[in-house]
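These notes concern the structure reproduced below.
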Amino acid sequence: CKGYIFYTVSFILVSNWAPSSTAFLSNDALQCPLTNTRKSFHHDIIKASHQKSFSVIFGETTRKKEQNQRSAFPWLKMSESGNGDGAGDEDELFSGINKFINGFKKTLNDTYFGVNSKTDDINKYESEENETFHSNRIFTLPVKSIKVGGLRLFLSFHLMAQQNTPEKGSWSTNQVDNNALIIHYCDCSGAISINFMDDEILIDRLGATPSMQYMMQETVLLQSLLDEMQMMAFEAEVNESDRLLVLDDPGDAIDIARDTLSFG
1 CKGYIFYTVS FILVSNWAPS STAFLSNDAL QCPLTNTRKS FHHDIIKASH QKSFSVIFGE
61 TTRKKEQNQR SAFPWLKMSE SGNGDGAGDE DELFSGINKF INGFKKTLND TYFGVNSKTD
121 DINKYESEEN ETFHSNRIFT LPVKSIKVGG LRLFLSFHLM AQQNTPEKGS WSTNQVDNNA
181 LIIHYCDCSG AISINFMDDE ILIDRLGATP SMQYMMQETV LLQSLLDEMQ MMAFEAEVNE
241 SDRLLVLDDP GDAIDIARDT LSFG
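Listed below in structure tokens is the structure:
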């Protein structure tokens, strides 16, 4: 056992010289030093004593490996220097993890919980050539009076009923704020934006290059939407003051809007 005693004494001496470094030696390497050759074991101890990172693995850890770890985990900071007790490394480690988690939470909120839903809905139809979203005014309906909340709710129910026309999943509706609705088409080439103002209703098309299929289905959807608005605007059984929508005189705005549709 002279060889074993020699290695044990060597290990104790190096441990006293660099305790903070040898604390990171792997358990497998410490359990049975006799399984290593004299040269490789001595090399591992000396290497560990000079290593000031927390990622030491016997005979395998290299600076290139640390660089790969930095690339894979950008939030994980590996310090090249320490204060002897590893506290600096731990502070940087947990600080990096906290930043990563906070950034991940923000991404979840923005993407899945609608924090920036209006911006996301508009940006979905940005032109690849232009930095700003592409929007075309389809038509404007001037109104004498409008009950925005009731009209928006009524039209939302109508649009929900049209979501599977002409086939399942063709359209999806999203209320981006109290005064606007956006209706997305399934091929993502275009969308319809409806904005309810105090004196007018604005109908816009979002998307730089809408497909022919989208243009055809847009006309069908907007025709049905205009039918609903006409019914509300001219419903004889309801007093004008109680109607959700009253058009400006001469009251032909809906007929004019129909003429502007692509496949009207």
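Be aware that the sequence shown starts at 1, since it is given in the working numbering, and climbs by one per residue.
Idealized CB from N, CA, C, for every residue including glycine.
Please read these numbers as outputs of a predicted model, since none were measured by experiment.
What do you reckon, are the CB atoms on Leu247 and Ala257 nearer than 7 Å?
As a position in the sequence shown, residue 247 is number 247, starting the count at 1. As a position in the sequence shown, residue 257 is number 257, starting the count at 1. Contact: no.
Determine the burial state of Leu206: buried for a count of at least 16 other Cβ atoms within 10 Å of its Cβ, exposed for fewer.
Along the sequence shown, read from residue 1 onward, the residue named residue 206 stands at position 206. Leu206 comes out buried.
Does DSSP classify Asp259 as helix, strand or coil?
As a position in the sequence shown, residue 259 is number 259, starting the count at 1. Asp259: helix per DSSP, three-state reduction.
Nearest CA to the CA of Gly169: which residue from Glu235, Ala161 and Val143?
Here residue 169 refers to the residue found at position 169 of the sequence shown. Comparing Cα-Cα distances from Gly169 to each of Glu235, Ala161 and Val143, the minimum goes to Ala161.
Hey, how far is the Cα of Ser262 from the Cα of Glu240?
By 1-based counting over the sequence shown, the position of residue 262 is 262. By 1-based counting over the sequence shown, the position of residue 240 is 240. Cα to Cα, the separation comes out at about 32 Å.
Nearest-angstrom Cα distance between Phe139 and Ala236?
Position 139 of the sequence shown, counted from the start, is the residue given in the question as residue 139. Position 236 of the sequence shown, counted from the start, is the residue given in the question as residue 236. Computed Cα separation, rounded: 26 Å.
On the three-state DSSP scale, how would you describe Val143?
Mapped onto the sequence shown, residue 143 falls at position 143. It is a strand residue.
Is Phe196 helix, strand or coil when you go by DSSP?
Here residue 196 is taken as the residue at index 196 of the sequence shown, counted from 1. Of the three classes helix, strand and coil, the one that applies to Phe196 here is strand, per DSSP.
Give every residue of the same chain whose Cβ lies closer than 6 Å to the Cβ of Ile146, excluding the five residues on either side of it in the sequence, and list them in chain order.
Here the question's residue 146 lines up with position 146 in the sequence shown. Result list for Ile146: Leu245, in chain order.
Quick one: is Gly149 buried, meaning 16 or more other Cβ sit within 10 Å of its Cβ, or exposed?
Position 149 of the sequence shown, counted from the start, is the residue given in the question as residue 149. It is exposed - the Cβ of Gly149 has fewer than 16 other Cβ atoms within 10 Å.
With distances taken from CA atoms, which of Asp242, Ser224 and Leu181 is nearest Met197?
The sequence position of residue 197 within the sequence shown is 197, counting from 1. The shortest Cα separation from Met197 among Asp242, Ser224 and Leu181 belongs to Leu181.
Short of 7 Å in beta carbon distance, which residues of its chain neighbour Leu226, apart from the five on each side in sequence? Order them along the chain.
Taking the first residue of the sequence shown as 1, we reach residue 226 at position 226. So the qualifying residues of the chain are Ile254, Ala257 and Arg258.
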